[in-house]
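Encoded as structure tokens, the structure appears first; notes follow it.
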Amino acid sequence: DIQMTQSPSAMSASVGDRVTITCRASQGINNYLAWFQQKPGKVPKRLIYGSSSLQSGVPSRFSGSGSGTEFTLTISNLQPEDFATYYCLQHDTYPWTFGQGTKVEIK
Amino acid sequence: EVQLVESGGGLEQPGRSLRLSCTTSGFSFDDYAMNWVRQAPGKGLEWAGFIRSKAYGGTAEYAASVKGRFIISRDDSKSIAYLQMNSLKTEDTAVYYCTRSRAAAGPDNFDYWGQGTLVTVSS
Chain A
7 DIQMTQSPSA
17 MSASVGDRVT
27 ITCRASQGIN
37 NYLAWFQQKP
47 GKVPKRLIYG
57 SSSLQSGVPS
67 RFSGSGSGTE
77 FTLTISNLQP
87 EDFATYYCLQ
97 HDTYPWTFGQ
107 GTKVEIK
Chain B
3 EVQLVESGGG
13 LEQPGRSLRL
23 SCTTSGFSFD
33 DYAMNWVRQA
43 PGKGLEWAGF
53 IRSKAYGGTA
63 EYAASVKGRF
73 IISRDDSKSI
83 AYLQMNSLKT
93 EDTAVYYCTR
103 SRAAAGPDNF
113 DYWGQGTLVT
123 VSS
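Note that the protein sequences, when read in sequence, are chains A and B.
Using the numbering used here, the letters of the first sequence map in sequence onto residues 7 to 113.
Using the numbering used here, the letters of the second sequence map in sequence onto residues 3 to 125.
Spelled out as structure tokens, the structure:
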């Protein structure tokens, strides 16, 4: 199975900060990577697909990059509504696997 | 409007069975694979499995944690995907979501999710 190692597992940040979350795959996954945001008690919301394509309607402060085995989600100018848990998902090789999540909290 | 609605969750005893449904509307159901993703209380997301569209054989893939116990099926005439959960274990306790996907890394993957249905396995 492909392991998705997501880091950090949690972080504290302030409004206006630039936040970077990384997912490393145990083997190459092409660009079959998506990023999701989940708030407590809510359904996961897709932010990025194809490793770097922004979901329609998602603010442009969210961006994705990377290829092969290393991928990054960047939130520039962090806003109050961005405090949430973020997950990556690889859907290149079965079983598809999520990262363990990154909880972004208010500093 | 694309909609996915899960149903069938509830409290069940270990060793028993439960069937979840994912009723969809607003898109061409038979063009999509359908996934089941679960989330145990306070834990992260776990992909449980999916079923391909008939165009890709209509076969299913499963996570190791559910393989041999869970069966995913689909009824394209009703636009419904099912998750048959057998030999339930306490560790199957989770909110179960359905979400759609298609081949390649395009925009039609995991873009819509149901609201989830809670399955509690306890004696």
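Glycine included, every Cβ here is placed at the ideal spot set by N, Cα and C.
This structure is a prediction, so every number in the text was calculated from the model and none was measured.
Beta carbon proximity, residue i to chain A, threshold 8 Å
i         : result
B/Asp-113 : yes
B/Gln-15  : no
B/Gln-5   : no
B/Ser-103 : yes
B/Glu-48  : yes
B/Tyr-98  : no
Contact check, residue i vs residue j, beta carbons under 8 Å
i        : j        : result
A/Gln-12 : A/Gln-85 : no
A/Leu-5  : A/Cys-94 : The requested residue 5 of chain A is not part of the displayed model; chain A covers only 7 to 113.
B/Gly-46 : B/Glu-63 : no
A/Thr-80 : A/Tyr-92 : no
Same chain, Cβ closer than 8 Å to residue i, neighbours up to 5 away in sequence not counted
i         : result
A/Glu-111 : Ala-16, Met-17, Ser-18, Ala-19, Phe-89
A/Gln-9   : Ala-31, Ser-32, Thr-103
Own chain, CB closer than 6 Å to residue i, minus 5 neighbours either side, in chain order
i        : result
B/Tyr-99 : Val-39, Trp-115, Gly-116, Gly-118
Residues bridged to residue i (per DSSP)
i        : result
A/Lys-51 : A/Gln-43
A/Asn-37 : Answer by DSSP bridge pairing: none, since A/Asn-37 is not bridged.
Beta-carbon proximity list for residue i, same chain, < 7 Å, skipping 5 on both sides
i        : result
B/Gly-11 : Leu-22, Tyr-98, Thr-119, Leu-120, Val-121
A/Ser-82 : Arg-24, Arg-67
B/Thr-92 : Pro-16, Val-123, Ser-124
A/Gln-96 : Ile-8, Met-10, Ala-31, Ile-35, Tyr-38, Leu-39, Trp-102, Thr-103
Cβ of residue i within 8 Å of any chain B Cβ
i        : result
A/Thr-92 : For the sequence presented, residue 92 of chain A should be read as Tyr rather than Thr. Not an interface residue.
A/Arg-52 : yes
A/Phe-68 : no
A/Phe-89 : no
Task: Every unbroken beta strand (DSSP E) inside the region 94–118 of chain B [3 residues or more] - done: Runs of the beta strand (DSSP E) inside the region 94–118 of chain B: 96–103.
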